[in-house]
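In the order they appear, the protein sequences are chains S and D.
In terms of UniProt numbering, the first sequence opens at residue 1 and continues consecutively.
In terms of UniProt numbering, the second sequence opens at residue 1 and continues consecutively.
Here's the structure we're looking at; comments come further down.
Protein chains: 2
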Amino acid sequence: MDLTSESTTAAVVDSFAGAADPRLREILQELVPHLHDFVRNVKLTLPEWEAAIRFLTEVGQKCDENRQEFILLSDVLGISMLVETINGQESGTESTVLGPFHVVDSPERENGDTIDLIGGQPPCVVTGRVLGTDGTPLPGATVDVWQCSADGFYDVQQPDVQPPGNGRGLFRTDAEGAFAFRTVLPSHYPIPTDGPVGRMLQATGRHPYRPAHIHFIAAAPGFRTLTTHIFVAGSPHLDSDAVFAVKKSLIADFAEVDDAERARRHGVGNPFRAASVDLVLEAERVG
Amino acid sequence: MDLTSESTTAAVVDSFAGAADPRLREILQELVPHLHDFVRNVKLTLPEWEAAIRFLTEVGQKCDENRQEFILLSDVLGISMLVETINGQESGTESTVLGPFHVVDSPERENGDTIDLIGGQPPCVVTGRVLGTDGTPLPGATVDVWQCSADGFYDVQQPDVQPPGNGRGLFRTDAEGAFAFRTVLPSHYPIPTDGPVGRMLQATGRHPYRPAHIHFIAAAPGFRTLTTHIFVAGSPHLDSDAVFAVKKSLIADFAEVDDAERARRHGVGNPFRAASVDLVLEAERVG
Chain S
1 MDLTSESTTA AVVDSFAGAA DPRLREILQE LVPHLHDFVR NVKLTLPEWE AAIRFLTEVG
61 QKCDENRQEF ILLSDVLGIS MLVETINGQE SGTESTVLGP FHVVDSPERE NGDTIDLIGG
121 QPPCVVTGRV LGTDGTPLPG ATVDVWQCSA DGFYDVQQPD VQPPGNGRGL FRTDAEGAFA
181 FRTVLPSHYP IPTDGPVGRM LQATGRHPYR PAHIHFIAAA PGFRTLTTHI FVAGSPHLDS
241 DAVFAVKKSL IADFAEVDDA ERARRHGVGN PFRAASVDLV LEAERVG
Chain D
1 MDLTSESTTA AVVDSFAGAA DPRLREILQE LVPHLHDFVR NVKLTLPEWE AAIRFLTEVG
61 QKCDENRQEF ILLSDVLGIS MLVETINGQE SGTESTVLGP FHVVDSPERE NGDTIDLIGG
121 QPPCVVTGRV LGTDGTPLPG ATVDVWQCSA DGFYDVQQPD VQPPGNGRGL FRTDAEGAFA
181 FRTVLPSHYP IPTDGPVGRM LQATGRHPYR PAHIHFIAAA PGFRTLTTHI FVAGSPHLDS
241 DAVFAVKKSL IADFAEVDDA ERARRHGVGN PFRAASVDLV LEAERVG
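What follows is the structure, given as structure tokens:
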């Protein structure tokens with residue numbers, strides 16, 4: 001009856017044989033040997049196991065309604081990006097990580113509205129369309145947008161500085177499948193470093209920075225929902241994103257525009273930055 | 001620069017190359033490929049990833065000063081037992097898991113004292129010695145003991161029923177290396193099922209029970225500290241411990257004794273249960 005280092009793994013795998021949900025069974029029966037192999041290969045010591053328990057506990061306890069430290073951990077270990085890559089569209093716009101800041105609902109806004117409620121600089125106009133892979137515009141698609149301020153913080157990180165919903169908007173494409181909003185050019189920023197994940201980055205000599213980007217979730221009936229970013233061309237850290245989320249196809253030019261008439265039309269100061277973003281959705285797979 | 005499913009893993013491993021502590025680097029660089037392989041092999045979906053994030057967050061948030069849900073998770077996945085097995089003594093008494101209930105310091109007690117402050121039935125006398133592997137008694141060794149009540153609960157689980165320190169004691173071996181204490185025969189019991197780990201067991205059709213046992217940590221200068229249990233022979237669930245911790249050599253006879261004179265000498269009612277436990281420690285490895 002004694003369990004050895006090897007037979008423990010088989011016993012634990014076997015213990016999940018009775019799971020009613022076959023997918024849950026499959027996941028756990030695959031997880032256990034990978035975790036056990038890791039423990040055996042590194043010959044994890046008891047103090048190291050205790051440190052791991054403490055670390056994971058702190059990650060969980062750092063989470064609240066505005067902070068998701070486990071997503072952050074998944075992000076810096078490249079797991080979020082891997083899951084996105086595995087599940088991404090085969091055609092259309094590439095996806096990337098959700099990130100830990102999609103923690104509040106974006107307020108519904110009209111096309112042309114600004115999501116920058118605090119007058120950040122430089123102003124920026126983002127226009128785009130939601131399309132099917134054959135180029136058909138998709139009217140009535142939702143475009144959920146969130147981004148950090150010019151100082152590199154999301155609203156939920158600065159409740160004393162930013163009003164709720166700053167940098168966020170839920171838009172709907174018009175009859176031509178188009179959307180448009182005003183904002184501030186987002187900054188590159190460090191992921192939150194005041195928690196256990198930040199300590200891990202510091203202990204391992206990794207920088208915490210992400211290149212500047214705007215988050216998008218585009219959804220339309222009959223199409224796969226797309227979670228992605230648009231990155232700002234030329235931003236620092238495009239080559240060493242702390243969460244491994246950059247894809248070349250997702251980098252867009254946020255060109256400086258010096259055109260008083262166009263600025264007036266968009267309701268922004270002159271000069272301003274402008275980006276054009278088409279989000280291409282794959283039809284839902286049937287069955 | 002685009003990361004594929006495979007190259008993401010290499011990029012994350014490489015990101016830890018600069019860790020100052022070579023052991024931390026080794027652990028993380030081994031952990032990442034195992035986690036990524038798991039994710040790739042099961043083709044983890046986004047809703048499943050989200051469910052995992054929620055689950056781990058709840059595990060962390062269930063922890064408090066009296067509850068360690070991450071140790072419980074480690075226990076039911078067999079990881080705690082695996083770490084114990086890898087790091088166990090090569091000779092001497094076998095070790096087993098620490099478990100999640102070593103969360104408060106055991107009160108110092110004198111040999112012969114009772115750790116049962118609430119008069120549970122049946123009474124039990126535990127006597128034993130701490131020895132080196134050559135049989136030399138080790139005077140002045142500490143023996144930290146903790147166990148559940150006759151109803152199957154630890155003191156910290158029942159603050160309204162059990163006084164703090166019930167079922168716990170820190171003893172010191174006498175000149176002959178001996179220790180002795182009175183207690184109640186521990187019951188088999190379910191691990192706490194009111195948290196996410198309990199839900200996981202239920203979802204996978206696993207029972208939450210552990211066979212009856214007393215926890216021990218024995219320590220003496222110059223010897224390796226031993227963390228183990230003594231299991232009660234004949235207890236239910238010896239063959240299916242929810243945390244995979246049973247070793248045959250750790251099962252002891254808790255025989256019924258009907259001897260009024262011996263009961264009087266020990267200060268317990270007659271009849272009572274008696275177990276004899278020798279804890280054999282390996283000398284510390286040098287270097």
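Yeah, the Cβ is synthetic: ideal placement off N, Cα and C, and Gly gets one too.
These figures come from a predicted structure and were not determined experimentally.
Do residue i and residue j have their CB atoms nearer than 7 Å?
i: LEU138/S; j: VAL126/S; result: no
i: ALA275/S; j: ALA245/S; result: no
i: SER249/S; j: HIS188/S; result: no
i: THR9/D; j: HIS36/D; result: yes
i: PRO107/D; j: GLY165/D; result: yes
i: VAL232/S; j: PHE254/S; result: yes
i: PHE223/S; j: ILE115/S; result: no
Using only the alpha-carbon positions, how far apart do residue i and residue j sit?
i: THR183/S; j: GLY152/S; result: 14 Å
i: GLN61/S; j: HIS237/D; result: 33 Å
i: PHE179/D; j: GLY132/D; result: 15 Å
i: VAL197/S; j: GLU84/S; result: 21 Å
i: ALA219/S; j: THR93/S; result: 12 Å
i: SER5/S; j: PRO159/S; result: 50 Å
i: MET200/S; j: GLN29/S; result: 29 Å
i: GLY128/D; j: CYS148/D; result: 20 Å
i: HIS102/D; j: PHE272/D; result: 27 Å
i: GLU261/S; j: GLY112/S; result: 16 Å
i: PRO190/S; j: THR204/D; result: 40 Å
i: ASN66/S; j: GLU90/S; result: 33 Å
i: PHE171/S; j: ASP278/S; result: 14 Å
i: VAL39/D; j: ASP174/S; result: 38 Å
i: residue 294/D; j: GLN162/D; result: The requested residue 294/D is not part of the displayed model; chain D covers only 1 to 287.
i: PHE16/D; j: GLU26/D; result: 9 Å
i: LEU31/S; j: VAL143/S; result: 35 Å
Out of the options, point me to the one whose CA is closest to residue i's CA.
i: PRO208/D; options: VAL76/D, PRO123/D, SER106/D, LEU185/D; result: VAL76/D
i: ARG206/S; options: ILE79/S, GLU90/S, VAL243/S, CYS63/S; result: VAL243/S
i: THR57/D; options: SER74/S, GLY267/S, GLY78/S, LEU46/S; result: SER74/S
i: VAL257/S; options: PHE231/S, GLY120/S, ASN270/S; result: ASN270/S
i: ASN41/S; options: VAL103/D, ASN87/D, GLU50/D, VAL12/D; result: ASN87/D
i: GLY177/D; options: VAL280/D, ASP14/D, ALA11/D; result: VAL280/D
i: GLU282/D; options: ASP64/D, ASP134/D, PRO100/D; result: ASP134/D
i: HIS213/D; options: VAL97/D, VAL13/D, GLY18/D, THR142/D; result: VAL97/D
i: TRP49/D; options: PHE16/S, GLY18/S, PHE38/S, ILE71/S; result: ILE71/S
i: PRO186/S; options: LEU46/S, VAL143/S, TYR154/S; result: TYR154/S
i: LEU82/S; options: ALA19/D, ASP144/D, ALA20/D, ASP2/D; result: ASP2/D
i: LYS247/D; options: LEU46/D, ILE230/D, THR225/D; result: ILE230/D
i: TRP146/D; options: ASP194/D, LEU117/D, GLY140/D; result: LEU117/D
i: GLY195/S; options: ARG23/S, ALA141/S, VAL104/S, CYS63/S; result: CYS63/S
What do you get for residue i, buried or exposed, if any count of 16 or more other CB atoms within 10 angstroms of its CB means buried?
i: SER7/D; result: exposed
i: ARG168/D; result: buried
i: GLN68/S; result: buried
i: THR136/S; result: exposed
i: ASP241/D; result: buried
i: PRO123/S; result: buried
i: VAL286/D; result: exposed
i: SER80/S; result: buried
i: LYS43/S; result: exposed
i: PRO211/D; result: buried
Report yes or no: is there a C-beta of chain S within less than 7 Å of the C-beta of residue i?
i: TRP49/D; result: yes
i: LEU3/D; result: yes
i: THR225/D; result: no
i: ALA11/D; result: yes
i: THR114/D; result: no
i: LEU46/D; result: yes
i: THR142/D; result: no
i: LEU72/D; result: no
i: LEU78/D; result: The amino acid occupying residue 78/D in the given sequence is Gly; Leu does not appear at that position. Yes, GLY78/D counts as interfacial toward chain S.
Answer yes or no: does any C-beta atom of chain D fall closer than 7 Å to that of residue i?
i: ASN66/S; result: no
i: GLY167/S; result: no
i: LEU82/S; result: yes
i: PHE16/S; result: yes
i: THR96/S; result: no
i: LEU31/S; result: yes
i: LEU138/S; result: no
i: GLN250/S; result: A small correction: the amino acid at residue 250/S is Leu; Gln does not occupy that position in the sequence shown. No, LEU250/S lies away from the interface with chain D (no Cβ there is under 7 Å from its Cβ).
i: PHE244/S; result: yes
i: GLN202/S; result: no
i: ARG265/S; result: no
Using only the heavy atoms of the ligand MG, determine whether one of them is closer than 6 Å to the beta carbon of residue i.
i: PRO137/S; result: Looking for the ligand MG in the displayed structure turns up nothing, as the structure carries no ligands at all.
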